[in-house]
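Shown next as structure tokens:
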């Protein structure tokens, strides 16, 4: 009986992957890790989180799950992670604006992005598009023609954003100032609703992440006047950038990234960052991200922190000058 048990144990040990080390055994005995998405299931952020977490399972033998804790425009989930145990078992996966714009758009934000969270790794970057629908004459096909039309039709010159206080909202304000033309902001509760009215002709242009626009381009109901990256987007290569169109300071990108509670040990953060970066190099992950017009990004915790700080410094004066205050 003892011999049979020893043989069974040896067989099980041989069957384990070589990477399943003693430290992995310690992890396996720990609690299940969670990736907190502060938005509802089914959205773009949720889809990317699940795609990435699925490939991270090998590095989390005890298990890793995606947990949607939506509410208050992403603040509830963020607060949950802030208050979680700083042992590496809980990560926040969020879009940039929760960390870069909210500190300036809310009168009282319950968290400090730079003090309450530890950046772990960037996951992706994506560009924005200036999109036109049937509410804008078909003869308007580029930025210069749009500016001329907006100046000639001031009562119709408006733009849709994915929500009040979002990056697309303040990008529209930046655009309005850059072209020296007043554009009325019309906020929506999500990019899909904004595009719905754009395609219905209720509003002439919208500012959306490129991934939201791609499914509608083939129908011909929308057209991209320009994209907002430093270079042309590989997903809509025929569309010029705003930089090409003469607005050299209009480079806007959105990112998604992982965070842990601020007091998480640096070694734990470094280990998670390495695992995430390894996953992001997989071709199947790159292909999955590309399906929603996102590019994977390699980063370190330090380089990610620098991105957040630079983005905050860029958005702060824009948000403050707009006079906009988000509703709690």
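Residue numbers (the numbering used here): 32 to 359. Every residue gets a Cβ at the ideal spot worked out from N, C-alpha and C, and that includes glycine.
Beta-carbon contacts of residue i that lie in its chain and below 6 Å, excluding the five residues immediately before and after
i           : result
residue 195 : 218
residue 182 : 212
residue 149 : 291, 293, 295 and 300
residue 248 : none
residue 180 : 171
Sequence-distant residues of its chain with Cβ nearer than 7 Å to residue i (five each side left out)
i           : result
residue 220 : 194
residue 370 : Lying before the first or after the last residue shown, residue 370 is absent from the chain, which here runs from 32 to 359.
residue 43  : Only weak support is given to the placement of residue 43: the predicted model assigns it a pLDDT of 38, under 50, and the value that follows is read from those uncertain coordinates. The answer is none, since no qualifying residue turns up.
residue 317 : 327
residue 260 : 158, 272, 282 and 284
residue 111 : 67 and 100
residue 80  : 66, 68, 97 and 124
residue 313 : 86
residue 215 : 188 and 189
residue 342 : 127 and 131
Residues that DSSP places opposite residue i in a beta bridge
i           : result
residue 172 : BP columns for residue 172 are empty, so no partner.
residue 216 : 190
residue 98  : 67
residue 152 : 289
residue 93  : Paired residue(s): none; residue 93 is not in a bridge.
residue 142 : Looking at the DSSP assignment, residue 142 forms no beta bridge with any residue, so it has no partner.
residue 161 : 238 and 257
Helix, strand or coil at residue i [DSSP, three-state]
i           : result
residue 136 : helix
residue 118 : coil
residue 124 : strand
residue 352 : helix
residue 108 : helix
residue 85  : helix
residue 332 : helix
residue 358 : coil
residue 62  : coil
residue 196 : coil
residue 388 : As displayed, the chain neither begins before 32 nor continues past 359, which places residue 388 out of reach and without an answer.
Cβ neighbours of residue i in the same chain (closer than 8 Å, five flanking residues each side left out)
i           : result
residue 344 : none
residue 353 : 201 and 204
residue 169 : none
residue 136 : 196, 350, 355, 356 and 357
residue 120 : 61, 62, 63, 64 and 65
residue 107 : 69, 100 and 101
Nearest candidate by alpha-carbon position, reference residue i, set the options
i           : options               : result
residue 173 : 107, 254, 65 and 341  : 254
residue 331 : 323, 346 and 302      : 302
residue 188 : 229, 83 and 119       : 229
residue 126 : 109, 115 and 120      : 109
residue 75  : 191, 160 and 324      : 324
residue 333 : 138, 145, 137 and 104 : 145
residue 83  : 122, 102, 115 and 147 : 122
residue 329 : 117, 163, 133 and 307 : 307
residue 337 : 131, 164 and 226      : 131
residue 208 : 151, 72, 286 and 278  : 278
residue 162 : 322, 304, 264 and 236 : 236
residue 289 : 269, 71 and 154       : 154
residue 233 : 94, 164 and 280       : 164
residue 309 : 241, 340, 89 and 222  : 89
Below-8 Å beta-carbon distance, residue i vs any chain B residue
i           : result
residue 155 : Any reference to chain B falls outside this structure, which holds one protein chain only.
In chain order, each beta strand (DSSP E) run of at least 3 residues that lies wholly inside the stretch 284-328: Every unbroken stretch of the beta strand (DSSP E) spanning 3 or more residues and falling wholly within the stretch 284-328 is given here in chain order: 284-292.
Contiguous alpha helix (DSSP H) assignments of at least 4 residues, all confined to the stretch 200-288: Listed in chain order, the complete alpha helix (DSSP H) runs (minimum 4 residues) inside the stretch 200-288 are 222-230 and 241-248.
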